[in-house]
Amino acid sequence: GLSCDNIEMDMAVRNVMSDLSGLKKLVKDITDRSMSTRGAKFSKIKSSQVREPPAEPSALPIPAPYPDDPYVVTRDAAIATAAAVATSGNDDDDDTAPMDSQPYEPRGSPCNTL
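UniProt numbering puts the first residue of the sequence shown at 1, with every later residue one more than the last.
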């Protein structure tokens, strides 16, 4: 029954959580040992040596210096086409797709052994 399944599941979860707790302690011990042996090296790093990540590029379009450039013409045509499709209300979703030919059969719980 369900109560048996819940007890088994509870025991399995407790075992996993216990293993996870032990793993966390092991990682913490290893990290602490590593930091204590190499701590002097880390403390010598100056804040000026730590680099900031680069700034995000601007999302604003940059005006093209050559409007007859094939890349610019192709890009602008693609943008215009995408805008026309987006505003036309004609999406590419196939609303006439056939339904699944197989009827839905619930499979039940994998714990049920009837």
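From the three backbone atoms N, C-alpha and C, an ideal C-beta is built for every residue, glycine too.
- Per the coordinates, the alpha-carbon of TYR66 lies some 13 Å from the alpha-carbon of THR74.
- Pairing LYS25 with ASN6, the inter-Cα distance amounts to about 28 Å.
- If you draw a straight line from the Cα of THR37 to the Cα of GLU52, it comes to about 27 Å.
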